[in-house]
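Trainee: Take this structure, written in structure tokens, and hold onto it; I'll ask about it next.
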Amino acid sequence: MFDRETWRQQIAERFNNFARNPRQEIQIAGVSTVLGFLALRTLEPFLIAFHEEPVAAVLTLADISRGPGANHIVRRAGHWRYQVSHLIERELRSRPELRLTIEEILLTLNVIHLARQRLNSSRDEWLRLTLLAELDTFESGDFEQLRRQLQDPGWQSRYEAIRRLRVREGHYTAADLVLLHDGLSDSASHVRAAAARMLGLIAGIPPQPLVKTLIRLAIHDCDLETRFAAARTLGQLRDRIASPQLLDYLVECLDDSDSFVRSAAALVVSQLGEMAGTTQMIEHLLPMLTDNDAYAREAAARALGRLGVAAATTTVLNALTQAVDDSDPNVHEAAVDAITRLRKLRATLPLSPSRHPTEPLAV
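Per our numbering, the sequence shown starts with residue 359, numbered consecutively.
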């Protein structure tokens with residue numbers, strides 16, 4: 359049933375591609391401003407729900423806002439469903455009551471945070487400043503709460519609070535763990551990366567909710583620094599968090615239709631090292647050596663080189679040898695490095711008596 363949490367989750371899903379090219383996503387959506395884009399993506403789930411389960415949709419909206427602006431949204435819901443992208447910016451300009459309700463919805467559902475969380479630091483700052491400039495074109499009394507939220511430079515203080523946890527030397531209190539958990543979901547990428555790195559210092563087994571959030575960051579975060587920090591921490595904690603469920607999830611991610619996800623998953627695999635060296639993992643990494651995306655090919659080659667003895671086979675070495683001829687220099691370098699690592703391992707292995715004497719060896 360449609361409720362606040364469902365609405366918020368559906369908004370978040372609509373921001374999944376926002377990190378790649380925010381300006382392009384705004385243009386594709388059919389609007390010209392960041393505010394219009396945020397309002398559009400926020401209203402879309404409500405308009406669909408209003409068509410499918412109108413009572414639940416209206417009750418959910420009423421739980422957030424009961425003013426004339428909310429009444430206007432309900433009255434226009436049927437007309438807006440397929441035309442909201444063409445109408446929303448004009449109606450925001452002409453209707454103060456709608457501006458108030460949109461602000462209440464954006465704040466209640468934490469929409470600004472959902473959008474900023476997907477951006478790297480430079481794009482996050484672009485969104486913040488652009489949105490502030492757009493809000494300045496309205497009357498001074500409009501969007502006051504939204505302006506205050508955007509003008510808060512609080513990420514620096516949150517960043518420093520997390521960095522100060524280093525003095526704990528991994529012995530975190532319950533309050534420290536809450537701070538780290540919140541930091542991993544912060545809208546500022548610097549804070550997320552710092553929280554991920556600090557979690558890598560934890561003494562003992564990290565709480566499962568933190569591990570799940572860390573995995574999500576390593577695979578799906580839009581910021582390279584954050585993804586790498588999360589992946590490296592997973593590697594540091596691998597003895598304490600590795601499980602068949604985690605490896606199965608990574609295998610699924612290696613088959614994802616999004617090359618961004620595939621390459622991020624391969625990075626995590628390389629950080630887990632030999633603990634991820636299962637036959638299934640290797641079988642899913644090998645096809646990635648010919649992936650259409652160069653980043654995915656490079657990540658797969660590096661991961662194979664770090665899986666240890668399990669990957670030191672003729673099949674893997676032959677596939678990597680072909681990858682050496684890749685036109686991308688980073689893929690070439692990764693394949694050469696992986697071959698070097700695996701040959702060293704292979705040289706230390708005892709000759710198996712079951713090996714057929716005529717089996718070709720990669721050289």
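Ideal Cβ placement from N, Cα and C applies to all residues, glycine included.
Starting from the C-beta of residue 613, find all residues in its chain whose C-beta is less than 8 Å away, skip the five residues before and the five after it, and write them out in chain order.
Mentor: Hits under 8 Å: 620, 642.
Trainee: Flag this pair as yes or no: are the beta carbons of residue 479 and residue 547 separated by less than 8 Å?
Mentor: yes
Trainee: Could you tell me which whole alpha helix (DSSP H) segments of length 4 or greater appear in the stretch 441 to 526?
Mentor: 442 to 452, 454 to 466, 469 to 474, 479 to 493, 502 to 509, 513 to 521
Trainee: Can you tell which of 638, 551, 637 has its C-alpha closest to the C-alpha of residue 476?
Mentor: Residue 551 holds the alpha-carbon nearest to the alpha-carbon of residue 476 among 638, 551, 637.
Trainee: So, for residue 365: in the same chain, excluding its five sequence neighbours on each side, which residues have a beta-carbon less than 7 Å away from its beta-carbon?
Mentor: 403, 404, 418, 467
Trainee: Taking 8 Å as the cut-off, does the stretch 487 to 503 touch the stretch 406 to 417 (at least 3 CB pairs, one atom from each stretch)?
Mentor: no
Trainee: Hey, is the stretch 513 to 527 in contact with the stretch 432 to 452, meaning 3+ C-beta pairs nearer than 8 Å?
Mentor: no
Trainee: Suppose you measure from the CA of residue 447 to the CA of residue 436; what does that come to, to the nearest Å?
Mentor: About 18 Å.
Trainee: Keeping to the same chain, check which residues put their C-beta closer than 7 Å to that of residue 420; ignore five residues upstream and five downstream.
Mentor: 428
Trainee: To the nearest angstrom, how far is it from the Cα of residue 422 to the Cα of residue 535?
Mentor: 31 Å
Trainee: Could you pull the start and end residues of the alpha helix (DSSP H) that residue 408 belongs to?
Mentor: 392 to 410
Trainee: Which term fits residue 707, buried or exposed, when burial requires 16 or more other beta carbons within 10 angstroms of its beta carbon?
Mentor: exposed
Trainee: Cβ of residue 608 within 8 Å of Cβ of residue 568?
Mentor: no
Trainee: Does residue 684 pass the burial test, meaning 16 or more other C-beta atoms within 10 Å, or should it be called exposed?
Mentor: buried
Trainee: Among 662, 648, 558, 671, which has the Cα closest to the Cα of residue 639?
Mentor: Comparing Cα positions, the closest option is 662.
Trainee: Go ahead and label residue 530 buried or exposed: buried means 16 or more other beta carbons lie within 10 angstroms of its beta carbon, across all protein chains shown.
Mentor: buried
Trainee: Less than 8 Å between the C-beta atoms of residue 670 and residue 630, yes or no?
Mentor: no
Trainee: Along the chain, which unbroken stretches of the alpha helix (DSSP H) at least 4 residues long are found entirely within the stretch 538 to 564?
Mentor: 547 to 557
Trainee: With distance defined between alpha-carbon atoms, name the residue in 595, 626, 575, 617 nearest to residue 605.
Mentor: 626
Trainee: Rounded to the nearest angstrom, what separates residue 667 and residue 647 at their Cα positions?
Mentor: 19 Å
Trainee: Rounded to a whole number of angstroms, what is the C-alpha to C-alpha distance between residue 572 and residue 470?
Mentor: 22 Å
Trainee: For residue 361, does the three-state DSSP call read helix, strand or coil?
Mentor: coil
Trainee: Count the other CB atoms, across all protein chains shown, that sit within 10 Å of the CB of residue 582; report buried if there are 16 or more and exposed otherwise.
Mentor: That one is exposed.
Trainee: Assuming residue 456 and residue 400 form a contact by the criterion Cβ under 8 Å, report the distance between their Cβ atoms to the nearest whole angstrom.
Mentor: The Cβ separation is near 12 Å, so there is no contact.
Trainee: Tell me, to the nearest whole angstrom, how far the beta carbon of residue 558 is from that of residue 595; I am working on the premise that it is less than 8 Å.
Mentor: 6 Å
Trainee: For residue 655 versus residue 696, is the C-beta spacing smaller than 8 Å?
Mentor: no
Trainee: What residue does the alpha helix (DSSP H) around residue 641 start on, and which one ends it?
Mentor: 637 to 643
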